[in-house]
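Trainee: In the UniProt record's numbering, the protein residues as written are 1 to 463.
Have a look at this one.
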Amino acid sequence: MMARTCLIRNAEVVTATDHYRADIYIKDGAIQAIGVDLSMAADRVIDATGLLALPGGIDAHTHFDMPFGGTTSSDDFLTGTRAAAFGGTTTIIDFAIQTRGHTAQEAFDTWLGKAEGKAVIDYGFHMILSEVTPHTLQEMQSMVDQGITSFKLFTAYPGVFMVDDGGIFQALQRAGEIGGLIAMHAENGSVIDVLVQQALARGQTAPKYHALTRPPEAEGEATHRVITLAKLAEAPLYIVHLSAFQALDEVTAARDRGQPVFAETCPQYLFLSYDNYEEPGFDGAKYVMSPPLRPKEHQEHLWRGLKTNDLQVVSTDHCPFCMKDQKILGQNNFAKIPNGAPGVETRMSLIYEGATKEGRLSLNRFVEITATAPAKLFGLFPKKGTIAVGSDADIVLFDPQGSTHWSAQTHHMRVDYNPYEGRTTPGAVRTVLSRGEVIIENEAFVGREGRGEFLKRATFKHP
């Protein structure tokens with residue numbers, strides 16, 4: 001049974017704006033007081049001397065229990081959220097998928113059924129719209145009323161998810177009217193399909209051709225196009241998993257004009273590169289994701305974007321498939337390799353490494369891009385994303401003197417490889433609280449299956 005009251009003593013509190021030493025008093029799942037030498041009694045006292053108290057991470061882009069290409073992502077809402085908690089993430093926003101001929105409400109009900117009784121941390125949903133019809137436009141208001149205030153559309157995957165420009169424009173207009181936010185997967189899917197078919201016709205079947213048939217220019221073009229559509233629709237726009245400097249240049253230019261355009265990148269684009277596709281044998285399949293990994297020179301552009309706030313968020317696009325029985329489906333045809341990679345557990349540690357060891361970002365900015373900015377963009381702030389009186393007690397006690405070694409043998413994601421195998425990152429998660437309940441302690445999960453709650457998110461407000 002969780003302690004009704006908890007007192008964290010001597011913590012070094014870091015938020016997006018502050019850095020100070022204090023005690024934190026928690027009651028009934030929320031932060032009740034922050035101060036020096038607090039005197040109130042508590043059911044549980046945690047000594048946080050030498051530890052950073054960080055807001056629990058928010059991963060705004062995960063795909064648990066997601067069907068793809070005849071298989072399903074290997075983490076469900078139990079294993080995926082548990083792995084997230086081990087990595088210091090206390091909130092995820094996953095994607096419910098409205099498939100063609102079915103309603104958004106059906107998708108919401110289905111994904112709620114996947115999560116309820118399994119998720120160990122709090123969760124919300126974006127709604128993927130695979131078609132834009134008079135009915136889906138009408139349903140967008142119903143989704144907003146139920147707390148799903150963001151909608152994902154694709155310029156990629158023709159015949160499955162791709163929506164034409166007119167449909168995207170209508171969805172943007174509708175979102176602008178009702179306080180929704182459109183999240184775009186921006187790659188030119190029609191051109192990519194031609195390049196894929198041409199490569200296969202030449203007998204180019206290895207995993208690396210997944211990347212070579214999805215060039216960065218295809219991402220840059222689609223990003224420019226959807227930014228233009230958003231301007232015409234007078235609506236805000238969020239670009240998911242931005243990987244290429246061509247796309248970042250478009251986002252930067254739009255933001256410099258004052259357009260409300262926002263974007264996320266992912267750790268894989270900051271730490272991995274096209275070189276990984278050249279690993280021996282079929283190992284390149286580990287990194288088949290969309291957009292693909294880019295040549296290393298893109299990494300510096302992305303880090304700069306995070307520093308200058310042209311990129312606001314680091315999410316994961318966590319969508320794992322096991323090598324031995326899922327990725328292998330594309331052994332003789334790269335186009336049949338399930339797209340996606342694991343990352344929900346490694347995100348916070350990797351970005352902390354980039355911020356501190358590599359000196360790329362301040363600790364405050366690290367908190368902002370991993371917790372505060374996604375909370376603000378997706379209608380969760382100040383309930384989530386900060387350490388403040390009245391906020392949920394989602395707190396990570398992080399040891400800056402520790403270290404974390406990453407391996408498929410020891411991680412908690414349900415997948416048989418780790419993209420960062422053998423890497424040791426500075427710092428270590430020691431204790432994780434979700435709504436005041438300790439769920440990770442002494443490198444063990446001590447929470448309860450199904451304790452996570454669905455988050456009804458507020459409408460979009462310009463942060």
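Note that beta-carbon positions come from the ideal geometry of N, C-alpha and C, so glycine has one too.
Drop a sphere of 10 angstroms on the beta-carbon of Thr346, count the other beta-carbons inside from all chains shown, and report buried for 16 or more, exposed for fewer.
Mentor: Label assigned to Thr346: buried.
Trainee: Closest by CA to Ile439, which one among Thr17, Gly50, Thr90?
Mentor: With distances taken between Cα atoms, Ile439 lies closest to Thr90.
Trainee: Terminal residues of the continuous alpha helix (DSSP H) containing Asn10?
Mentor: Looking at the DSSP string, Asn10 is not in any alpha helix (DSSP H); the run it does join, the beta strand (DSSP E), is 5-14.
Trainee: Which runs of the beta strand (DSSP E) spanning at least 3 residues fall entirely within the region 332-405, listed in chain order?
Mentor: The qualifying runs are 395-405.
Trainee: In chain order, which beta strand (DSSP E) runs of at least 3 residues are fully inside the region 259-298?
Mentor: Complete beta strand (DSSP E) runs here, min 3: 261-265.
Trainee: For the beta strand (DSSP E) containing Arg45, list its first residue and its last residue.
Mentor: It is worth fixing the name first, because residue 45 is Val in this sequence and not Arg. Start and end: 44-47.
Trainee: Please determine, among Asn364, Leu380, Ser362, Gly385, the residue with the shortest C-alpha to C-alpha distance to Ala371.
Mentor: The shortest Cα separation from Ala371 among Asn364, Leu380, Ser362, Gly385 belongs to Gly385.
Trainee: Between which two residues does the beta strand (DSSP E) carrying Ala235 extend?
Mentor: First-last for Ala235: undefined, no H or E at that position.
Trainee: Return the CA-CA distance between Lys118 and Glu234, expressed in angstroms with no decimal places.
Mentor: Using only the alpha carbons, I get a separation of about 39 Å.
Trainee: Taking 6 Å as the limit between beta carbons, can you name the residues of its chain near Lys456, skipping five residues before and five after?
Mentor: Same-chain partners within the cutoff: Gly147.
Trainee: Between Met140, Phe381, Thr410, which lies nearest to Arg423 when the distance is taken from Cα to Cα?
Mentor: Looking at the Cα atoms, Thr410 is the closest of the given residues.
Trainee: With burial defined as no fewer than 16 other Cβ atoms inside 10 Å of the residue's Cβ, what is the status of Tyr20: buried or exposed?
Mentor: Answer is exposed; the Cβ neighbour count stays below 16.
Trainee: So, with DSSP's three-state summary, where would you put Gly176?
Mentor: The answer is helix: DSSP assigns Gly176 an H, G or I state.
Trainee: Considering Ser142, what are the terminal residues of the alpha helix (DSSP H) in which it resides?
Mentor: Here the alpha helix (DSSP H) through Ser142 covers 134-145.
Trainee: Assign Thr133 to buried or exposed, taking buried as 16 or more other Cβ atoms, counted over all protein chains shown, within 10 Å of its Cβ.
Mentor: Its Cβ having fewer than 16 others within 10 Å, Thr133 is exposed.
Trainee: Measuring only the C-alpha atoms, how far is Lys383 from Ser391?
Mentor: Rounded to whole angstroms, Lys383 to Ser391 spans 5 Å at the Cα level.
Trainee: Would you report the Cα separation of Leu306 and Pro338, rounded to the nearest angstrom?
Mentor: One C-alpha to the other measures close to 29 Å.
Trainee: Take Met323 and list the residues in its own chain whose beta-carbon comes closer than 6 Å to its own, dropping the five residues that flank it on each side.
Mentor: Correct list, in chain order: Asp416, Tyr417.
Trainee: With a cut-off of 8 Å on the beta carbons, I'd call Ala60 and Glu264 a contact; round off their distance for me.
Mentor: Confirmed, about 7 Å.
Trainee: Out of Arg414, Gly166, Ala388, Cys266, point me to the one whose CA is closest to Ile34's CA.
Mentor: Of the listed residues, the one whose Cα sits closest to Ile34 is Ala388.
Trainee: For the alpha helix (DSSP H) that Thr110 lies in, which residues bound it at each end?
Mentor: Per DSSP, Thr110 belongs to the alpha helix (DSSP H) from 104-115.
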